[in-house]
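Read through the structure below, which is laid out as structure tokens, and then see the notes.
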Amino acid sequence: MAVQIVKSGSERRLLKSSAKIRNVDIKIGKKRVTPNVIQEIQFILNRDKMVKVSFKEDREKRIKQVDSILETIDSTLIESVGKTATFSL
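Okay, structure coming up:
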């Protein structure tokens, strides 16, 4: 999994605590990661500097989808818990 690291531990803790109380912004279902989904993730990242995404697929497919998002959008994976992942700029 291609994960970019946030520079400081305190910054990472702050982002993780913000992510825990944040509602899911985007739900990815049967159609998976489409160009429209990528565009919406990018829009929310530019607006809020953080986006929380919920996935419907099993673990292997979720990992591939998270990698796909990281490769397409220049972002950092803050945390991945269960079927949700949080990304930040």
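In our numbering, the protein residues as written are 126 to 214.
Just so it is clear, CB atoms sit at the ideal spot from N, CA and C, and this is done for glycine as well.
| Backbone secondary structure at LEU214 - three-state DSSP | Stepping through the sequence shown from its first residue, residue 214 is reached at position 89. LEU214: coil per DSSP, three-state reduction.
| Which of helix, strand or coil does DSSP assign to SER143? | The residue labelled residue 143 in the question sits at position 18 within the sequence shown. SER143: helix per DSSP, three-state reduction.
| query | Do the region 205 to 213 and the region 129 to 148 meet, that is, are 3 or more Cβ pairs less than 8 Å apart? | reply | yes
| request: Counting only runs of 3+ residues fully inside the region 151 to 179, write out the beta strand (DSSP E) ranges in chain order. | output: 151 to 153
| field | ARG184 classed as buried or exposed, judged by whether at least 16 other C-beta atoms fall within 10 angstroms | value | Counting from one through the sequence shown, the residue named residue 184 turns up at place 59. Result: exposed.
| Helix, strand or coil at VAL206 [DSSP, three-state] | Locating residue 206 in the sequence shown gives position 81, where the first residue counts as 1. Three-state DSSP puts VAL206 in a strand.
| Span of the alpha helix (DSSP H) holding LYS189? | In the sequence shown, the residue the question calls residue 189 occupies position 64. First-last of the alpha helix (DSSP H) with LYS189: 184 to 197.
| Between the CA atoms of LYS174 and LYS208 - distance to the nearest angstrom | One-based indexing of the sequence shown puts residue 208 at position 83. One-based indexing of the sequence shown puts residue 174 at position 49. Distance between the alpha carbons of LYS208 and LYS174: 21 Å.
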